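Asks:
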RNA sequence: GGUCCCUUCGUCUAUCGGUUAGGACAUCAGAUUUUCAAUCUGGGGAGAGGGGUUCGACUCCCCUAGGGACUGCCA
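Take a look at the structure:
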């Protein structure tokens with residue numbers, strides 16, 4: 019009965035993709051998936067200064083990494099300039115727009131006057147035909163905003179929002195150089211792309227009024243609008259670099275999983291009862307724009323960490339190992355053994371419960387990929403008393419004979435060994451830990467031994483016993 | 001200045017006129033302990049203020065205060 023939903027994300031290439039933009043993309047994606055509709059991408063590259071090939075690529079990369087794949091080919095706004103111009107001409111022909119020969123300075127002065135008079139800018143040129151002096155002179159084309167009445171935006175999250183027309187200025191549609199302005203381009207493109215639901219940041223709410231005016235003047239159906247609350251920084255201010263992260267790339271570098279970011283972002287400004295941690299399938303099944311919250315939300319890394327940890331726990335270990343490996347190799351410049359990937363795969367399931375990010379997962383699994391002989395930290399060296407050395411040597415024998423090389427089996431073996439030595443585990447644990455890990459974090463000893471394997475474990479212990487005297 | 005939006009624990013939120021105002025993160029205390037975590041148990045913590053409407057308001061209306069967006073020949 020109702021036409022299929024079409025949503026879109028329309029970022030402009032600025033060199034990075036803001037996380038707020040990413041959330042808009044997510045909500046559009048979720049809503050399209052939820053309704054079985056389409057999610058389109060339009061690159062707003064009309065600002066030729068900033069629109070480099072590289073910054074366009076950032077948009078593709080950011081969305082791809084986030085797992086928000088768009089349907090069909092992306093639309094490039096700049097390429098549609100002739101269509102935009104035709105729309106302006108239609109507006110001109112219908113009397114909804116006019117040529118304005120005011121200079122920038124004159125327009126500024128007039129805005130001041132209008133403001134003082136209690137209304138927005140209305141150019142004298144709206145009812146004046148260019149004379150011989152103006153013919154051929156540079157000028158802009160402005161929209162003829164109605165003087166009376168209100169423009170109403172039926173917003174899915176904010177309800178009915180009315181803008182008095184007298185307070186909406188005769189905004190520019192086409193610049194002196196013949197290129198069109200944002201509001202015109204967006205309206206024409208959204209219409210041509212068949213967009214049914216415009217879901218975007220709250221900063222566009224007042225543009226919703228101007229665009230509604232354009233849709234009506236052009237004789238088109240107005241799409242459903244839904245304006246999302248802003249994402250704020252920890253201090254409640256606008257999210258910026260000083261808050262630690264603001265672009266999709268930042269979050270990626272900090273070691274967040276795309277599904278973790280999706281989950282957290284979805285929770286930021288939208289909710290489904292008490293559900294906090296969920297999969298994409300659940301989010302898609304539950305999502306609806308009418309459930310979006312109105313107030314701006316602060317980005318909280320503690321909560322993000324918690325959400326991300328949940329997704330790391332349920333992520334595939336091979337995938338995690340493949341993500342952690344380059345961090346260790348390329349970011350930390352560590353020399354890795356040939357079987358590094360296999361070692362990481364063995365270690366990750368033992369340590370991932372405590373990892374909030376991939377960076378932490380790298381810290382926690384670092385012990386596993388160290389190359390023998392390990393450099394020992396001072397604390398461990400201090401622990402290697404003659405007494406302890408004797409015990410470790412005897413432990414090596416016990417390990418050689420171990421027939422249950424599993425975390426639990428080895429845990430039991432250690433307990434039994436400590437007992438046979440007549441001491442508590444605390445007497446041998448710290449030294450063994452240091453010798454096995456080289457001083458970095460490692461899981462409990464049974465798990466550490468199990469993940470390292472018999473040869474590597476015994477080798478590391480013997481290295482310590484022989485290399486240090 | 002004008003227009004518009006917003007306002008429940010520190011943070012994200014639930015509540016859709018009747019609840020001891022619920023949950024999550026964070027925090028605090030305890031348990032556990034071979035590092036760091038993780039885990040378990042328990043605790044503290046909220047309706048911006050003022051008026052209405054109503055038998056009854058966090059919930060509806062108005063005012064004030066505070067925060068934010070827009071007010072570009074940027075998007």
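Residue numbers (this note's numbering): 19 to 487.
For every residue, glycine included, the Cβ atom is placed at its ideal position computed from N, Cα and C.
Keep in mind it's a predicted model, so treat the numbers as computed, not measured.
Find out if the Cβ-Cβ distance for the pair residue 93, residue 214 is shorter than 8 Å.
Replies: Taking 8 Å as the Cβ cut-off, residue 93 and residue 214 do not qualify as a contacting pair.
Asks: If I measure Cβ to Cβ from residue 431 and keep anything under 7 Å in the same chain, skipping five residues before and after, which residues do I get?
Replies: 416 and 420
Asks: Would you check if there are 3 or more beta carbon pairs closer than 8 Å linking the stretch 319 to 333 to the stretch 279 to 293?
Replies: yes
Asks: For a quick check, are the C-beta atoms of residue 171 and residue 310 less than 8 Å apart?
Replies: no
Asks: Please report the residue range of the beta strand (DSSP E) in which residue 56 lies.
Replies: 56 to 61
Asks: What residue range does the alpha helix (DSSP H) around residue 367 cover?
Replies: 358 to 369
Asks: Have a look at residue 35 and residue 290 and give me their C-alpha separation to the nearest angstrom.
Replies: C-alpha separation (whole angstroms): 27 Å.
Asks: Going straight from the alpha carbon of residue 273 to that of residue 258, what length do you get?
Replies: 19 Å
Asks: Would you report the Cα separation of residue 19 and residue 53, rounded to the nearest angstrom?
Replies: Note that residue 19 has pLDDT 44, beneath the 50 cutoff, so the model's placement of it is unreliable and the number below is only indicative. Per the coordinates, the alpha-carbon of residue 19 lies some 13 Å from the alpha-carbon of residue 53.
Asks: May I ask which residues mark the beginning and end of the beta strand (DSSP E) holding residue 172?
Replies: 168 to 173
Asks: I'd like to check one pair, residue 85 with residue 276: are the Cβ atoms closer than 8 Å?
Replies: yes
Asks: Rounded to a whole number of angstroms, what is the C-alpha to C-alpha distance between residue 422 and residue 404?
Replies: 29 Å
Asks: Determine the extent of the beta strand (DSSP E) in which residue 210 is found, giving its start and end residues.
Replies: Segment 200 to 210 is the alpha helix (DSSP H) holding residue 210; no beta strand (DSSP E) there.
Asks: Looking only at its chain, what residues have a beta carbon closer than 7 Å to the beta carbon of residue 217, apart from the 5 residues adjacent to it on each side?
Replies: 25, 42, 45, 46, 49, 244, 246 and 307
Asks: With burial defined as no fewer than 16 other Cβ atoms inside 10 Å of the residue's Cβ, what is the status of residue 163: buried or exposed?
Replies: buried
Asks: Can you tell me the Cα-Cα spacing of residue 70 and residue 56, whole angstroms?
Replies: 27 Å
Asks: Locate the alpha helix (DSSP H) running through residue 163, then write down its first and last residues.
Replies: No alpha helix (DSSP H) holds residue 163; DSSP gives it neither H nor E.
Asks: Between the Cα of residue 453 and the Cα atoms of 389, 440, 434 and 438, which residue gives the shortest distance?
Replies: 389
Asks: Quick one: residues in its chain with C-beta nearer than 7 Å to the C-beta of residue 363, no 5 flanking neighbours on either side, listed in chain order?
Replies: Closer than 7 Å at the Cβ level, and outside the excluded window around residue 363, lie 335, 336 and 339.
Asks: Considering Cα atoms alone, identify which of 354, 167, 429 and 328 is closest to residue 2.
Replies: There is simply no residue 2 to check, as the chain begins at 19 and stops at 487 in what is shown.
Asks: Identify the continuous beta strand (DSSP E) that holds residue 16 and give its terminal residues.
Replies: This structure gives no information on residue 16, because the portion of the chain shown stretches from 19 to 487.
Asks: When DSSP labels each residue in this structure, what does residue 27 get in the three-state scheme?
Replies: Residue state for residue 27 is assigned as strand, using DSSP reduced to three classes.
Asks: Please state whether the Cβ-Cβ distance between residue 228 and residue 186 is less than 8 Å.
Replies: yes
Asks: Which word fits residue 203, buried or exposed, when buried means at least 16 other C-beta atoms lie within 10 angstroms of its C-beta?
Replies: Residue 203 comes out buried.
Asks: Name the one or two DSSP bridge partners that residue 218 has.
Replies: 245
Asks: Need the endpoints of the beta strand (DSSP E) that residue 180 sits in, please.
Replies: For residue 180, the enclosing beta strand (DSSP E) covers residues 177 to 182.
Asks: Rounded to a whole number of angstroms, what is the C-alpha to C-alpha distance between residue 168 and residue 189?
Replies: 16 Å
Asks: Just the Cα atoms here: how many angstroms apart are residue 286 and residue 61?
Replies: 25 Å
Asks: Using a 10 Å radius around the Cβ and a threshold of 16 neighbouring Cβ atoms, would you call residue 292 buried or exposed?
Replies: Residue 292 should be labelled exposed.
Asks: What is the rounded straight-line gap between the Cα of residue 201 and the Cα of residue 266?
Replies: 26 Å
Asks: Going straight from the alpha carbon of residue 269 to that of residue 130, what length do you get?
Replies: Rounded to the nearest angstrom, the two C-alpha atoms are 43 Å apart.
Asks: Out of 184, 220 and 161, point me to the one whose CA is closest to residue 38's CA.
Replies: Checking every option, the nearest Cα to that of residue 38 belongs to 220.
Asks: What are the boundary residues of the beta strand (DSSP E) that residue 354 is part of?
Replies: That residue, residue 354, is in no beta strand (DSSP E); it is neither H nor E in DSSP.
Asks: Would the beta-carbon of residue 331 fall within 8 Å of that of residue 371?
Replies: yes
Asks: Identify which residue in 105, 141 and 166 has its Cα closest to the Cα of residue 196.
Replies: 105
Asks: Counting along the chain, where does the alpha helix (DSSP H) carrying residue 128 start and finish?
Replies: 122 to 135
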